[in-house]
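Protein chains in written order, with this note's numbering: chain A, 1268 to 1462; chain B, 1268 to 1462.
There are 2 protein chains.
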Amino acid sequence: MGAKGEETRARLVQATRALIEAQGYYGTGLNQVLAASGAPRGSLYFHFPLGKDEMVALALVEAGEDVGALIAGMTGGDLGPAEVVRGLLDIFGDRMAESGYATGCPIATVALETAAGHEDLRLVCAAAYDTWQQALARMLVRHGHDRADAEATAGAVLALVEGALLLARVRHSRTPLDQAARAADILLRATAPAH
Amino acid sequence: MGAKGEETRARLVQATRALIEAQGYYGTGLNQVLAASGAPRGSLYFHFPLGKDEMVALALVEAGEDVGALIAGMTGGDLGPAEVVRGLLDIFGDRMAESGYATGCPIATVALETAAGHEDLRLVCAAAYDTWQQALARMLVRHGHDRADAEATAGAVLALVEGALLLARVRHSRTPLDQAARAADILLRATAPAH
């Protein structure tokens, strides 16, 4: 594939990412993806011969990797766990407000739509969440939490972040993100190992 | 409207509730609602002259009221706040497992799909979440939390529950619900007023 082909493919995936994050899998039609990407119709079937689901799966994988890299970058530095969670919520909150609440968790909408009826896409979503949670758990282990607590607390922190992003989007308000950051701080202090 | 008309209308709303909870607003077609409800096509436009959105809005309102009544019933008794949260997660978890993970929060999928692109339905979803959160906040005030803490902690508990329901659905696992119940217990102990 030439550079132009690669660029067209990337534009298709980028448009799909934005549309499924804003409105989900079922609400996103191929005509919208073509219009948003400016790609010709034929390119869609050239780059994604299996059609919409192949393109959506790749969009979810890329979005999951981007968030995973963001978490890995923040947890790999000097920040404490509560600062990392607050930082993540700030980043998502800025992005959300700038987009008119069209963005939040890039996986969540499709995850809910496909949880019971579309096994291939559900598994892609589940894999993204697992990666994020494991990065959070590793951070807690590095900060002295034992393995069982790190796993359980990381799961709860991820739930708190996901729920807060959902509530912030539906309310068009950052307050749920602030409330989640406060609660994560309390939870992480309470479960932190004694010095 | 006669008893038969009322019954047909109720069946249409019930089918809509189940379908939008499992797969969302955009994934739910009127033909699916008709098939699931067994109602004749003409009845749809008779009972819901404004069409799909009117029926979906009513389904969301009813689902929101049912969860609101569940929360009110549990918070009105002798249970402590952490027991209420664990009880709610147990009830949602049982229902979720029995449905093959087709159920969770009855509002969440539509809330995410419509957060940026369908203002009427977004506001219906936001109103349901506000009602639930206020019931949780009132419970915390009755248990001695001051108003500001009750509001912030109730928001975080709702986020925790919503995020855990999302993760449980996508993973086909109750573990996120258990992790959320543990975290809610820690959060509620840490924010409880001193005796």
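Just so it is clear, CB atoms sit at the ideal spot from N, CA and C, and this is done for glycine as well. Bear in mind that the values here come from a model prediction, so they are computed numbers and not experimental data.
N-terminal and C-terminal residue of the alpha helix (DSSP H) that residue i is part of
i	result
I1453 of chain A	1442-1458
Y1312 of chain A	1308-1314
T1370 of chain B	That residue, T1370 of chain B, is in no alpha helix (DSSP H); it is neither H nor E in DSSP.
D1320 of chain B	1319-1342
T1275 of chain A	1270-1290
A1303 of chain B	1297-1304
Spatial neighbours of residue i in its chain, beta-carbon cut-off 7 Å, leaving aside the 5 residues before and after
i	result
M1406 of chain B	T1342, P1348, V1351
A1326 of chain A	V1280, T1283, R1284, I1287
L1427 of chain B	A1447, A1450, A1451
A1382 of chain A	R1389
A1423 of chain B	L1454
K1319 of chain B	L1297
A1306 of chain B	T1275, R1278, L1279
H1439 of chain A	Y1368
P1460 of chain A	G1411, H1412
Q1400 of chain A	A1421, G1422, L1425
Y1293 of chain A	E1380
L1346 of chain B	G1354
A1404 of chain A	A1417, E1418, A1421
M1363 of chain B	T1370, G1371, A1435, R1436
R1308 of chain B	L1301
D1333 of chain A	none
Close beta carbons around residue i, own chain, < 6 Å, minus the five adjacent residues each side
i	result
S1310 of chain B	T1275
T1295 of chain B	L1286, I1287
A1395 of chain B	G1331, I1374
T1376 of chain A	G1291
A1431 of chain A	P1443, L1444, A1447
T1398 of chain A	G1335
M1322 of chain B	T1283, F1315
T1458 of chain B	D1416, T1420
R1378 of chain A	As written in the sequence, residue 1378 of chain A is Ala, which differs from the Arg given in the question. Excluding positions up to five away in sequence, the list reads C1392.
A1289 of chain B	A1369
Sequence-distant residues of its chain with Cβ nearer than 8 Å to residue i (five each side left out)
i	result
G1360 of chain B	A1435, R1441, L1444
V1391 of chain B	A1324, L1327, V1328, G1331
A1217 of chain B	Only positions 1268 to 1462 of chain B appear in the structure, and residue 1217 of chain B is not among them; the question remains open.
L1355 of chain A	L1337, I1338, M1341, V1428
R1456 of chain B	A1349
Under 8 Å from the C-beta of residue i: neighbouring residues of chain C
i	result
P1373 of chain B	The chain labelled as chain C is not found among the protein chains of the depicted structure, namely A and B.
Legend entry - Any alpha helix (DSSP H) of 4 or more consecutive residues that is wholly inside the stretch 1355-1427 of chain A: 1375-1381, 1386-1409
Legend entry - the stretch 1412-1419 of chain A in contact with the stretch 1416-1427 of chain B per 3-pair CB rule at 8 Å: no
Inset, instruction - Pair every Cβ in the stretch 1366-1374 of chain B with every Cβ in the stretch 1295-1305 of chain B, then say whether three or more of these pairs are closer than 8 Å. - result: no
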